[in-house]
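These protein sequences, in sequence, are chains A and B.
Counting in the working numbering, the first sequence runs from 1 upward without gaps.
Counting in the working numbering, the second sequence runs from 364 upward without gaps.
All C-beta atoms, glycine included, are put in the ideal place defined by N, C-alpha and C.
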Amino acid sequence: MNLSKFLVTTTALTLSAGIASSQDMTIVSWGGAYSKSQLKAYHEPYSEKTGVNIINDDSSAEAVAKLRAMNEANNVTWDVVDVVAADAMRLCDEGLALEIDHDTQLAPAPDGTSASEDFGELIVSDCFIPQIVYSTTFGYRTDLVGDTAPTSVCAVFDLENYPGKRSLEKRPINNMEWALLCDGVAKDEVYNVLETSEGQDRALAKLDTIKDSVVWWSAGADTPQLLADGEVIMGSTYNGRLFSVIEEQKQPVAMLWDAQVFDLDGWIIPAGLSAERQKRALDYIYFATDTQRLADQAKYISYGPARASSAPLVGKHADLGIDMAPHMPTDPNNAKNTFLYNYEFWADYRDDIDAKFQAWLAQ
Amino acid sequence: MEVADGTPLKKSLARSLRKEKLRALALIAPLLIFVLVTFVLPIGTMLTRSIDNSIVEEILPRTVLALEDWNEKGDELPNEMVFRSFVEDFQDAIADKNHTKIGSRLNYEVSGMSSLFRKSARKVKKWDLTDNAPIKQKLIEVNKAWGDVETWAVIKTHSVALTNGYFLNAVDMQRTPFGAQAQPENKQVLVKLFIRTLKMSLIITGMCILLGYPVAWLLANLSNRTSNLLLILVLLPFWTSLLVRTSAWKVMLQNQGVINDLLVWIGLITEGSRLEIINNQFGTIVAMTHILLPFMILPMYSVMKTIPPSYLRAAKSLGATNWTAFWRVYFPQSVPGIGAGSILVFILAIGYYITPEIVGGTDGIFISNRIAYHISSSLNWGLASALGAILLGVVLLLYWVYDKIVGIDNVKLG
Chain A
1 MNLSKFLVTT
11 TALTLSAGIA
21 SSQDMTIVSW
31 GGAYSKSQLK
41 AYHEPYSEKT
51 GVNIINDDSS
61 AEAVAKLRAM
71 NEANNVTWDV
81 VDVVAADAMR
91 LCDEGLALEI
101 DHDTQLAPAP
111 DGTSASEDFG
121 ELIVSDCFIP
131 QIVYSTTFGY
141 RTDLVGDTAP
151 TSVCAVFDLE
161 NYPGKRSLEK
171 RPINNMEWAL
181 LCDGVAKDEV
191 YNVLETSEGQ
201 DRALAKLDTI
211 KDSVVWWSAG
221 ADTPQLLADG
231 EVIMGSTYNG
241 RLFSVIEEQK
251 QPVAMLWDAQ
261 VFDLDGWIIP
271 AGLSAERQKR
281 ALDYIYFATD
291 TQRLADQAKY
301 ISYGPARASS
311 APLVGKHADL
321 GIDMAPHMPT
331 DPNNAKNTFL
341 YNYEFWADYR
351 DDIDAKFQAW
361 LAQ
Chain B
364 MEVADGTPLK
374 KSLARSLRKE
384 KLRALALIAP
394 LLIFVLVTFV
404 LPIGTMLTRS
414 IDNSIVEEIL
424 PRTVLALEDW
434 NEKGDELPNE
444 MVFRSFVEDF
454 QDAIADKNHT
464 KIGSRLNYEV
474 SGMSSLFRKS
484 ARKVKKWDLT
494 DNAPIKQKLI
504 EVNKAWGDVE
514 TWAVIKTHSV
524 ALTNGYFLNA
534 VDMQRTPFGA
544 QAQPENKQVL
554 VKLFIRTLKM
564 SLIITGMCIL
574 LGYPVAWLLA
584 NLSNRTSNLL
594 LILVLLPFWT
604 SLLVRTSAWK
614 VMLQNQGVIN
624 DLLVWIGLIT
634 EGSRLEIINN
644 QFGTIVAMTH
654 ILLPFMILPM
664 YSVMKTIPPS
674 YLRAAKSLGA
684 TNWTAFWRVY
694 FPQSVPGIGA
704 GSILVFILAI
714 GYYITPEIVG
724 GTDGIFISNR
734 IAYHISSSLN
744 WGLASALGAI
754 LLGVVLLLYW
764 VYDKIVGIDN
774 VKLG
């Protein structure tokens, strides 16, 4: 065929390859082991059941900013987005996420309990569909902490008995609460104290006592790497990462569950989708958040399912064959002293306290 | 003087020059339009966010109008009419689902506004305004923050359509009812970061010049075979991913890393006094110099390649020492290459984000990390674009200074 026909055909082929067919859904998540667990527990069964092809995108870390930009450009290309609860609240506040009627649009528990009761207090926003409970907690090197293993979170602030470097997240959330807790503030007073500027100064002063021994992390994979290298003797990160470094990679690390801070991760459906895409997204959510599916995800990663009815169905790890229940942050043995991330407080005070925290860090 | 068809020479010359110019413009027109549409326009729109504050006027129009007569510097609350206008606006906003957006925007100025708007909405949306009952007391009963002068002062101060608030925040000040005032000291970090970014970028540029010049010299003056081999050694790391190189530096510089282990093994340092060469400014400078070195070496190399070696030989034959021959004959000819490399390295270094984040610790981070935070996490795009505008302004200023000192025509890329 002649040149111009050839050019037209190749252009058409390239263009068609780039356009997703109408049977595709784009689901956004965080990547790594977490996305893999969602792939196995949700995406693959759903694709088998309905024939919809699911395209994975690992941009959840930038989800809020990108959704705002997409909304302004009137071109929302994502169908379902996995975000932490604080981001879901922010998106809901900005009108970027769809409001959900949990009772009618989510599956009830097998025994008939409505979804809103099954999820209970974990529905922190009208736009948020909870998926997992994860926690930010500490891990420590069993061979580098000396004879007595640490049992309280205040071991992090105890440089005498546990000398060496620690790793903390490079943001005030969680660090300020732990600092106040270990400075003698009662647990239910922590947020009242943190509202005042004297309280904020007090928390920063407590953190100042260990500032020289702290390595600050910004990615969840940092602390496990630092622990494995022996750069730090204890550090905070997400409990699933610690599970991975302890059970899958067999490093000499143990969990320090005291004062772990629960946080929620779940789904939102972006606002501004066409009626057809919205219907499909709601259909996926209905399937992916029912009792059995949430329990299935726990086979691949040590994060607790958000539904009360899923907890008894949690079984063994798919590859390692170990019982997952003792590794859940919600297990009674681990959950003796916990915080729940205070969404209202941080939605209000985050920007202000973050400015003070960064100024303190930069000194 | 006239040309063949009778028109004066000057006119004919001018006409043909104009034709040449138009032809040249037509040739670059596609690229120019592409750059305008995909680069200048989006960045321009983003930069206008740094002064755009129309959100308050759009969502609370009656309130803003009613507040004009109220004295925000005093101690008295606004009158009943302001409260009524506000509740009318508030109910409209709740119907449009805009009320939390305005709460978030005002929360950047005073903490607590976000939940104030969110929680008050639940009660206020059910109110019926047709009975002309007094609203002021009712609203204060919903939440006592509505009885605070500060709440209304914030709304009034930040109700202007074009605001200087974001630019003030970018230089550690704030817009208050009493004019521009400095931020509380424990929140002042941005100016410090600006200065640190500029200082460290200058240091990195200097290090790149010092380390890159000998390499470029070798590349330009050795035999072709050897210099080609050396060029591959310069280009291979250049083509390796940035993240891989930064992570490799982490492995090298860590406390338990390669360099420290080596020095302890040799015996130069003891086990307890390992060097802290990462998570601080030193780590950032080392890693960024390594990453930006090819951007310095390549322009210098291409300029040095054009310097004929005969000048150096001539200088020596006229009695110059090695140093004098280099410094007075060779070096001035290589300055355009240094200029090109420096501009490239400096501008790249100022905007760097990833490497300072990974190896910088707390005192090696740049202003770009703060810009990224405000874009992704706090969604305060006004402040982020004000910071970006200031960075752009600083770079343009430095470019102008460079032009005055060295002359931009003295920059060659080969």
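- Annotated three-state conformation of residue 319 of chain A is coil, per DSSP.
- The stretch 676 to 736 of chain B contains, as complete alpha helix (DSSP H) runs of 4+ residues, the segments 685 to 688, 694 to 713 and 717 to 722 (chain order).
- In the DSSP assignment, residue 70 of chain A falls outside any beta strand (DSSP E) and within the unbroken alpha helix (DSSP H) covering 63 to 72.
- In this structure, DSSP gives residue 364 of chain B a state outside helix and strand, which the three-state scheme calls coil.
- Around the beta carbon of residue 676 of chain B, fewer than 16 other beta carbons sit within 10 angstroms, so the residue counts as exposed.
- With a cutoff of 8 Å on beta-carbon distance, residue 728 of chain B and residue 533 of chain B are scored as not near each other.
- Cβ neighbours of residue 583 of chain B within its own chain (closer than 7 Å, five residues either side excluded): 664, 667 and 668.
- Fewer than three Cβ pairs drawn from the stretch 570 to 581 of chain B and the stretch 737 to 748 of chain B lie within less than 8 Å of each other, which leaves the two stretches out of contact.
- Under DSSP, the beta-bridge partners assigned to residue 82 of chain A are A/267.
- Taking the Cα of residue 509 of chain B as reference, the smallest distance to any Cα among B/524, B/526, B/477 and B/496 is reached at B/477.
- At the C-beta level, residue 474 of chain B and residue 354 of chain A stay beyond 8 Å of one another.
- The C-alpha of residue 249 of chain A is placed about 19 Å away from the C-alpha of residue 35 of chain A.
- Counting only the Cα atoms, residue 383 of chain B lies some 41 Å from residue 691 of chain B.
- Between residue 293 of chain A and residue 119 of chain A, the CB-CB gap reaches or exceeds 8 Å.
- In the structure shown, the three-state DSSP call for residue 428 of chain B is helix.
- Its Cα nearest to that of residue 49 of chain A, the residue A/287 stands out among A/254, A/33, A/287 and A/25.
- At least 8 Å separates the beta-carbon of residue 467 of chain B from that of residue 87 of chain A.
- Among the CB atoms of chain A, none fall inside 8 Å of the CB of residue 488 of chain B.
- Separation of residue 574 of chain B and residue 407 of chain B (C-alpha to C-alpha, rounded to the nearest whole angstrom) is 37 Å.
- For residue 564 of chain B, not one C-beta of chain A is nearer than 8 Å to its own C-beta.
- Apart from the 5 residues on each side of it in sequence, residue 107 of chain A sits with its Cβ closer than 6 Å to the Cβ of 286 and 290 in its chain, given in chain order.
- Excluding its 5 nearest sequence neighbours in each direction, residue 218 of chain A has C-beta neighbours in its own chain below 7 Å: 170, listed in chain order.
- In the DSSP assignment, residue 55 of chain A falls outside any alpha helix (DSSP H) and lies within the beta strand (DSSP E) extending over 53 to 57.
- Interface annotation, residue 673 of chain B: not in contact with chain A, CB-CB separation never under 8 Å.
- The C-beta of residue 358 of chain A comes closer than 8 Å to at least one C-beta of chain B.
- The C-beta distance from residue 123 of chain A to residue 114 of chain A rounds to 11 Å, too long to fall under 8 Å, and the pair is not in contact.
- At a cut-off of 8 Å, the C-beta of residue 349 of chain A has a neighbouring C-beta in chain B.
- DSSP places residue 543 of chain B in the strand class (E or B) of the three-state scheme.
- Following the DSSP letters along the chain, one finds residue 28 of chain A in no alpha helix (DSSP H) but inside the beta strand (DSSP E) bounded by residues 24 to 28.
- Between residue 623 of chain B and chain A, the shortest Cβ-Cβ separation is not below 8 Å.
- For residue 696 of chain B, there are no neighbours in chain A by C-beta distance under 9 Å, as the nearest C-beta there is about 43 Å away.
- Inclusion of residue 91 of chain A and residue 268 of chain A in the CB contact set at 8 Å is warranted, their separation being smaller than that value.
- Between residue 726 of chain B and the set B/741, B/641 and B/655, the nearest pair of CA atoms involves B/641.
- The way I'd put it, the stretch 522 to 538 of chain B does touch the stretch 416 to 425 of chain B; three or more beta-carbon pairs between them come closer than 8 Å.
- For residue 511 of chain B, the secondary structure class from DSSP, reduced to helix, strand or coil, is coil.
- With its beta carbon at least 8 Å from every one in chain A, residue 643 of chain B lies outside the interface.
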